[in-house]
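Scroll down for the structure; my scribbles are underneath it.
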Amino acid sequence: MTDLRADPNAPLSDAPEPWTGSSTPSARSGPPWHMTEMIEAEPALARRILERHATSDGEAARLAATIRGVAAGGGPIGVVGCGTSEHGALGTADILRDALRAAGLPSGPAMPLAIQALEFTLDPALGGLVIGVSHEGGTWAMNRALEAARAAGAATALLTVGDRSPGAALADVVVATGEMDESWCHTIGYVSPLVAATAVAGHVSGQAVPIDDVVGLMAAGLACAAEAETIAGALHDASRIVVIGSGADRTAGRELVLKIEEATWLPSSYRDLETMLHGHLPATDATTGLVLILADRAGRDERVERARELLEAASIIGIRSAAILVDGASAVLETRLTPAGRIVVPGSPTLPAPVAALLGTAIPLQLLTERLARARGTNPDPIRRGDERYRAAADRVR
């Protein structure tokens, strides 16, 4: 294949000048897919983003100053997005909320609040700050949300690939990640805003980001390909997959569901850990796959015990259970509870809890998706738009 990337550490392309939306990824007859190469590129990408935004006079520091000012004044802070970028927004809110607490500034379960872009557009908050997340900066609902925020008197910011897009034109501050995802099954598009948010959070809290620790954590994720393949082998012919999470892992769970449906066309759904224990088990059986994500160290003991109860119940029903677990949780959850396999990610006590959970699980969940695509014989890159019906359906969506 002539378009293979020779060096996974080499920078990816920036947004085009003049700006235009991305085109269909080049077709490949088999793996490595573009998605495969984007996953391999992520640790080095994370380093470049963090180094670019470490300076005290850059856009990440400027956004951090705005966040601190709005929080100190009691104003609202919203983070908005769609699709994978909605999950980037959810993770960004978790990361910034933790940073505000570390700085001794007002925060809480809903501050900052992550909101789906269209829903924000229909009921925008007055004043404060609205941070958009959009990989390319051209999403219709995302840009409507920024327009609504400005009309409501809010300051606006955008985490995106470059500063030349329609979305960037609507933002007072643009924190650019600088490198484009080459697959439409976005992996770079998920990781980039989380890393950019980590850079901003370091300026908010006043605590420098340990860049080597972030890169090491993500590099460790690349080493779990064999475990991901084992799980994919056990789940690829399931009737559906249910993904379970709690705390910061809820964001990773939602992203895994989206990736599985985009890349493998296997029906999937997300449930909060406690929610799954209250009424959803009757719809499962031995054809159901389950993936538990448990990496957030905040309140881990209670989450582990509830997870054990869920996995015990699943084993009675015959559900095919697998997990992505931080090492501390894996040590106390017996392997018999995850007969479909498990991926173990290292704990990272030097990183804030949501950063460690979100960046520690990003590559494992992406590799699991990519291996499921291989097992099911699907190409993840075009997200089924090689089929005329799905391409026509996508053309109807702004």
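Counting from 18, one number per residue, gives the positions in the sequence shown under the numbering used here. Virtual Cβ for every residue (Gly too), placed ideally from N, Cα, C. On a predicted model such as this, the values are computed, not experimentally measured, just so you know.
Ignore the nearest five residues each way along the sequence and tell me which others in Ala188's own chain have a CB closer than 6 Å to its CB. Closer than 6 Å at Cβ, skipping near neighbours: Thr173, Ala174 and Leu175.
What are the start and end residues of the beta strand (DSSP E) that includes Gln383? No beta strand (DSSP E) contains Gln383, which is instead part of the alpha helix (DSSP H) from Ala370 to Arg393.
Cα-Cα separation between Gly108 and Leu375, rounded to whole angstroms: 7 Å
With a cut-off of 8 Å on the beta carbons, I'd call Val178 and Met159 a contact; round off their distance for me. The Cβ separation is near 13 Å, so there is no contact.
Apart from the five residues on each side of it in sequence, which residues of its chain come closer than 6 Å, Cβ to Cβ, to Tyr287? Val260, Gly270, Arg271 and Val274
Rank Gly91, Gly219, Asp398 and Asp344 by C-alpha distance to the C-alpha of Glu68 and give the top, closest one. Nearest Cα to Glu68 within the set Gly91, Gly219, Asp398 and Asp344: Gly219.
Between the stretch 130-143 and the stretch 306-313, do at least 3 Cβ pairs fall closer than 8 Å? no
Quick check for students: name the residue ranges of the beta strand (DSSP E) that lie wholly in the stretch 186-261, counting only runs of 3 or more. Taking only runs of at least 3 residues, the beta strand (DSSP E) segments lying wholly in the stretch 186-261 are 190-193.
Rounded to the nearest angstrom, how far is the Cβ of Thr247 from that of Glu59, given a contact under 8 Å? Between Thr247 and Glu59, the beta carbon gap of about 22 Å keeps them out of contact (Cβ cut-off 8 Å).
My understanding is that Thr194 touches Ile66, with C-beta atoms under 8 Å, so please give their C-beta distance in whole angstroms. 5 Å
Helix, strand or coil at Leu350 according to DSSP, with G and I counted as helix: Here Leu350 sits in coil by DSSP.
Is it buried or exposed for Asp115, if we count other Cβ within 10 angstroms and need 16 for buried? buried
Kindly give me the distance between the Cβ atoms of His253 and Leu389, rounded to whole angstroms, as I take these residues to be in contact under 8 Å. 6 Å
Given a cut-off of 7 Å on the beta-carbon distance, is the pair Ala131 and Ala165 in contact? No.
Suppose only complete runs of 4+ residues qualify. What are the alpha helix (DSSP H) ranges in the stretch 268-326, listed by chain order? 290-293
In the structure shown, what three-state DSSP assignment does Gly98 receive? strand
With 16 other CB atoms within 10 Å as the buried threshold, where does Trp201 fall? buried
Using 7 Å as the threshold, is the C-beta distance between Val190 and Arg79 below it? yes
Tell me which same chain residues have a C-beta within less than 6 Å of the C-beta of Val208, skipping the five on either side of it? Glu59 and Ala379
Tell me whether Gly149 sits in a helix, a strand or coil according to DSSP, three-state version. strand
Backbone CA spacing between Thr355 and Arg337 [nearest angstrom]: The C-alpha of Thr355 lies about 8 Å from the C-alpha of Arg337.
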